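Numbering (my numbering), first residue to last: 1068 to 1359. We put the CB at the ideal spot given by N, CA and C, even for glycine. In this text, all values refer to a predicted model and were calculated from it rather than measured experimentally. What follows is a short report on a single structure.
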Ligand SMILES: Nc1ncnc2c1ncn2[C@@H]1O[C@H](COP(=O)(O)OP(=O)(O)OP(=O)(O)O)[C@@H](O)[C@H]1O
Ligand SMILES: [Mg+2]
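Structure representation (structure tokens):
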């Protein structure tokens, strides 16, 4: 196993990933990052969903002058601006009083920064696989510059180069999925792929991966549905799928947590942990902290 150079051994990198889209991954990444900062940690969240970034909306930075310039991580990875310039152009300090009006205050001295991806369509990367070293240098640079405890990466769905690039520096991979056939099939596929990649030394920093069932319908609500057939179908797929996942991925991953469907998040992407106490995202953040 390759060992990272000393400067970032204290910074844990968690990557949020899902094989299929629409899994609540971006909302979860943003909320987990904020929850970690709320616990007093130094956190950077990176949008690596290069082709379809979304975190800028969750963190509400789109109305800022900085964001209007539409610069992002691709400008460093592809167009070769320096990290110093990337920091000035695309890193938002989300701690109160800094880069955005909707920033957060962290009572325990935590900090939260957001490295945006450019939304300019001309900025889609095609040759990312050649850039793992640039990505490594990037995480090291920010880890040191901001004394980070955690880097959270929101990775693109599917198996694209941006994912490989993120995976290369990842310590813990959080694989989000919904209880549907399409999501399960993809999740099993990615679990198998990870096992192969791991054997080939393709995941040098990966310590573990965890499965997170996301946007899970409330079982109690299902039970009182008038349409019994629908309720039973939904409960059944969940039961069968759990067995299937355990059979297919017996050693590789474990079902880490379920994020229930939350009404407040159903029609808008937002930071729930800022105004509420013990959300599922707080619980995940705390367990991740304890596991270290
Ligand atoms: N726990 C939740 N409960 C209910 N709705 C949610 C929850 N989490 C996310 N959503 C909603 O689901 C939709 C998809 O969420 P999100 O954008 O986070 O998913 P994603 O996996 O990042 O999607 P994409 O593949 O497009 O990047 C959004 O409209 C969001 O508000
Ligand atoms: Mg997303």
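beta-carbon residue i near ligand 1 non-hydrogen atom, thresh 7 Å
i	result
residue 1386	Nothing can be reported for residue 1386: it is not among the residues displayed for the chain, which extend from 1068 to 1359.
residue 1109	no
residue 1051	Residue 1051 lies beyond the residue range present for the chain, which begins at 1068 and ends at 1359; the question has no answer from this structure.
residue 1308	no
residue 1295	no
residue 1116	yes
residue 1332	yes
residue 1340	no
residue 1354	no
residue 1328	yes
Residue i: CB within 7 Å of a non-hydrogen atom of ligand 2
i	result
residue 1237	no
residue 1225	no
residue 1245	no
residue 1253	no
residue 1101	no
residue 1121	yes
Reference residue i, options the options, closest by Cα
i	options	result
residue 1239	1096, 1136, 1091	1096
residue 1284	1146, 1313, 1244	1244
residue 1275	1322, 1342, 1116	1322
residue 1184	1234, 1158, 1102, 1204	1158
residue 1169	1220, 1290, 1338	1338
residue 1248	1137, 1264, 1303	1303
residue 1161	1154, 1146, 1179	1179
residue 1122	1219, 1312, 1310	1219
residue 1044	1263, 1200, 1278, 1354	The displayed coordinates of the chain run from 1068 to 1359. Any statement about residue 1044 would go beyond what the structure contains.
residue 1251	1355, 1315, 1098	1315
residue 1100	1349, 1359, 1205, 1358	1349
residue 1203	1231, 1187, 1188	1231
residue 1342	1174, 1086, 1167	1174
residue 1119	1229, 1201, 1295	1229
residue 1269	1136, 1199, 1241	1199
residue 1262	1282, 1234, 1287	1234
residue 1117	1167, 1084, 1186, 1166	1186
Integer Cβ distance of residue i from residue j, believed to fall under 8 Å
i	j	result
residue 1109	residue 1208	Contact flag wrong, Cβ pair sits at about 14 Å.
residue 1105	residue 1164	Actually they are not in contact, since the Cβ atoms of residue 1105 and residue 1164 sit about 17 Å apart, beyond 8 Å.
residue 1134	residue 1128	5 Å
residue 1132	residue 1182	Their Cβ separation, rounded to whole angstroms, is 17 Å, which puts residue 1132 and residue 1182 out of contact at 8 Å.
residue 1352	residue 1103	5 Å
residue 1289	residue 1280	With 8 Å as the limit, residue 1289 and residue 1280 do not qualify as a contact, their Cβ atoms being about 15 Å apart.
residue 1336	residue 1094	5 Å
residue 1272	residue 1310	Residue 1272 to residue 1310, Cβ: 31 Å. No contact.
residue 1246	residue 1305	5 Å
Three Cβ pairs or more, each shorter than 8 Å: is that satisfied between the region 1247–1257 and the region 1134–1146?
no
Would the region 1143–1161 count as touching the region 1079–1091 if we require 3 or more Cβ pairs under 8 Å?
no
May I ask you to verify whether the region 1216–1228 touches the region 1084–1092, counting CB pairs closer than 8 Å and requiring at least 3?
yes
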